[in-house]
Amino acid sequence: MNADNERYIRHYSLRDFGIEGQQKLFKASVLVIGAGGLGCPVLQYLVAAGTGTLGIIDHDTVSISNLQRQTLYRSDDIGLLKVDCASESLKKLNPEVSLITYPVALTPENAWEIIAGYDLIIDCTDNFSARYLINDACVLLDKPLIFGAVYRYEGQVAVFNVAGENGCKVNYRHLFPEPPAPDEIPDCNEAGVLGVLPGMIGIMQANEAIKLITGIGKALKGQLLTFSMLTYDLFTAELTDENQVSNLIPKDRETLETTDYRLLCGLSASGVEDLGPEEFYERMKDEKTMVVDVREQGELPLADFPHRSVPLSRLNENLSEFRSSDIILFCQSGKRSLKAAGILMHHFGAEKRISHLKNGILALQNTEL
Numbered sequence: 001m002n003a004d005n006e007r008y009i010r011h012y013s014l015r016d017f018g019i020e021g022q023q024k025l026f027k028a029s030v031l032v033i034g035a036g037g038l039g040c041p042v043l044q045y046l047v048a049a050g051t052g053t054l055g056i057i058d059h060d061t062v063s064i065s066n067l068q069r070q071t072l073y074r075s076d077d078i079g080l081l082k083v084d085c086a087s088e089s090l091k092k093l094n095p096e097v098s099l100i101t102y103p104v105a106l107t108p109e110n111a112w113e114i115i116a117g118y119d120l121i122i123d124c125t126d127n128f129s130a131r132y133l134i135n136d137a138c139v140l141l142d143k144p145l146i147f148g149a150v151y152r153y154e155g156q157v158a159v160f161n162v163a164g165e166n167g168c169k170v171n172y173r174h175l176f177p178e179p180p181a182p183d184e185i186p187d188c189n190e191a192g193v194l195g196v197l198p199g200m201i202g203i204m205q206a207n208e209a210i211k212l213i214t215g216i217g218k219a220l221k222g223q224l225l226t227f228s229m230l231t232y233d234l235f236t237a238e239l240t241d242e243n244q245v246s247n248l249i250p251k252d253r254e255t256l257e258t259t260d261y262r263l264l265c266g267l268s269a270s271g272v273e274d275l276g277p278e279e280f281y282e283r284m285k286d287e288k289t290m291v292v293d294v295r296e297q298g299e300l301p302l303a304d305f306p307h308r309s310v311p312l313s314r315l316n317e318n319l320s321e322f323r324s325s326d327i328i329l330f331c332q333s334g335k336r337s338l339k340a341a342g343i344l345m346h347h348f349g350a351e352k353r354i355s356h357l358k359n360g361i362l363a364l365q366n367t368e369l
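Oh and the sequence shown: position 91 is 91 in my numbering, straight run, nothing missing.
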């Protein structure tokens with residue numbers, strides 16, 4: 001990239017930034033994990049700023065419900081891989097930036113190899129198993145990590161694995177040493193999210209990345225920023241390393257690659273069967289099979305086959321309803337049904353055959369049988 005490029009002329013006029021700051025951006029390599037509500041603004045602003053190399057990892061495809069907040073995508077992108085659509089759009093924004101796409105899920109088996117190739121990691125995921133995996137890999141590889149999360153009308157941003165002013169080098173586990181129970185974990189389908197919030201938090205993450213890369217300003221090193229979009233209340237909390245969490249982090253690459261983070265977060269359980277659409281329809285023909293929708297009341301699309309409704313949020317108080325020995329659970333995307341399956345396995349054990357529809361109702365919509 002050419003420092004004389006007029007594209008970045010507004011950067012050159014900035015005191016303490018100038019051509020030197022732009023050159024640092026040109027040379028930087030950043031991995032953005034997740035190309036959803038947070039990842040879209042992060043990618044757009046880092047590409048526009050002229051960040052030299054950006055890696056994008058996401059295995060998901062674009063769905064219509066993404067378009068309310070994931071501004072890189074258009075209606076005609078529905079069904080296509082997010083990384084492909086994002087790359088195409090971002091190249092039009094700034095063809096000078098090198099984009100590397102990974103159309104895969106980040107797993108314990110591939111995390112080390114992928115993360116090791118970048119200077120800075122930005123966590124734009126929306127699930128706890130990915131967050132703990134990313135955190136642990138970054139700690140072992142000594143990579144700076146920018147964290148972001150949204151919940152309803154609030155968002156959080158933090159910079160981990162970089163020593164703060166208090167000398168503490170904290171990571172995500174200093175904030176949350178252990179994952180919450182599966183029935184305590186909301187996602188966008190359950191909790192909802194107003195589209196502008198991930199945009200605001202994602203821009204904050206991009207801002208932290210630029211500060212870390214160029215050295216301008218005061219980055220959120222070892223601090224957690226919490227923001228309310230309803231009131232504009234914003235406060236930061238200083239994090240410390242008083243909690244001893246080193247024993248919770250895998251000791252080396254081999255241990256990381258053999259750790260089951262989905263099991264750690266209660267998102268998988270021994271004995272739970274994953275069903276594809278064809279097997280789901282076949283199994284539900286048996287009158288003895290209990291088919292249960294664990295989504296909240298009123299969620300669309302409605303299921304057009306016989307089933308019962310027991311929302312995940314009220315699962316524990318309705319365990320007595322699960323009388324059948326053969327239970328199939330489903331939800332919108334498969335995440336909540338897997339959580340529910342874990343809860344039922346914990347309660348009933350091998351007493352019942354428990355299955356769930358992998359990828360949820362979305363899988364049925366995209367399948368012709």
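We put the CB at the ideal spot given by N, CA and C, even for glycine.
Nearest-angstrom Cβ-Cβ length linking residue i and residue j, presumed shorter than 8 Å
i: Phe17; j: Ile216; result: 6 Å
i: Val32; j: Gly39; result: 5 Å
i: Asp241; j: His174; result: 6 Å
i: Gly52; j: Arg7; result: With a Cβ gap of about 14 Å, Gly52 and Arg7 do not count as contacting.
i: Glu254; j: Pro108; result: That belief does not hold up - the Cβ atoms of Glu254 and Pro108 are roughly 10 Å apart, past 8 Å.
i: Ala209; j: Leu72; result: The Cβ separation is near 17 Å, so there is no contact.
i: Leu225; j: Gln332; result: Actually they are not in contact, since the Cβ atoms of Leu225 and Gln332 sit about 30 Å apart, beyond 8 Å.
Buried versus exposed, by CB contacts within 10 Å (16 or more), residue i
i: Ser309; result: exposed
i: Ser129; result: buried
i: His346; result: exposed
i: Ser320; result: exposed
i: Asn318; result: exposed
i: Asp76; result: exposed
i: Asn5; result: exposed
i: Lys27; result: exposed
i: Asp58; result: buried
i: Ile146; result: buried
i: Ser13; result: exposed
i: Gly164; result: buried
i: Asn207; result: buried
Cβ-Cβ distance between residue i and residue j below 8 Å
i: Gln297; j: Pro311; result: yes
i: Ala340; j: Val294; result: yes
i: Pro177; j: Val245; result: yes
i: Leu80; j: Thr61; result: yes
i: Lys143; j: Ile114; result: no
i: Tyr172; j: Leu264; result: no
i: Gly117; j: Gln205; result: no
i: Gly202; j: Pro41; result: yes
i: Ala35; j: Lys82; result: yes
i: Arg74; j: Pro198; result: no
i: Val193; j: Gly37; result: yes
When the options are compared against residue i, the one with the closest alpha-carbon
i: Ala48; options: Ile9, Leu264 and Glu20; result: Ile9
i: Gln365; options: Ala35, Leu25, Ile64 and Leu225; result: Ile64
i: Leu230; options: Val196, Ile249, Glu165 and Ile203; result: Val196
i: Asn127; options: Gly21, Asp304, Arg336 and Leu362; result: Arg336
i: Phe280; options: Thr226, Asn359, Arg314 and Ile210; result: Asn359
i: Tyr261; options: Met200, Asp119 and Pro180; result: Pro180
i: Phe330; options: Leu14, His356 and Met200; result: His356
i: Leu362; options: Asn66, Arg74 and Asn166; result: Asn66
i: Asn247; options: Glu282, Glu278 and Leu140; result: Leu140
i: Ile372; options: Ile121, Cys168 and Gly167; result: Absent from the structure is residue 372, since the part of the chain shown begins at 1 and ends at 369.
i: Asn94; options: Leu54, Leu106 and Asp119; result: Leu54
i: Glu273; options: Lys288, Leu315, Tyr232 and Leu338; result: Leu338
i: Gly21; options: Pro250, Asp304, Phe227 and Ile213; result: Ile213
i: Asp119; options: Val170, Lys24 and Lys169; result: Lys24
CB contact check: residue i to chain D, cutoff 8 Å
i: Glu20; result: Reference to chain D is not applicable here, since this structure consists of a single protein chain.
**Report entry** contact_flag[the region 347-366, the region 325-339] where n(CB pairs < 8 Å) is 3 or more
**Finding:** The region 347-366 vs the region 325-339: in contact.
Query raised in the report: Can you find at least 3 beta carbon pairs, one from the region 211-229 and one from the region 154-166, that sit closer than 8 Å?
Result: Yes, the region 211-229 touches the region 154-166.
Query raised in the report: Three or more beta-carbon pairs under 8 Å between the region 131-138 and the region 92-103, yes or no?
Result: No, the region 131-138 does not touch the region 92-103.
Query raised in the report: Given 8 Å as the limit, is there contact between the region 79-96 and the region 237-254, that is, 3 or more CB pairs closer than that?
Result: A contact between stretches requires three or more CB pairs, one per stretch, nearer than 8 Å, and the region 79-96 fails this requirement with the region 237-254.
Query - Meets three-Cβ-pair contact criterion under 8 Å: the region 143-153 and the region 77-87 - result: These segments do not touch.
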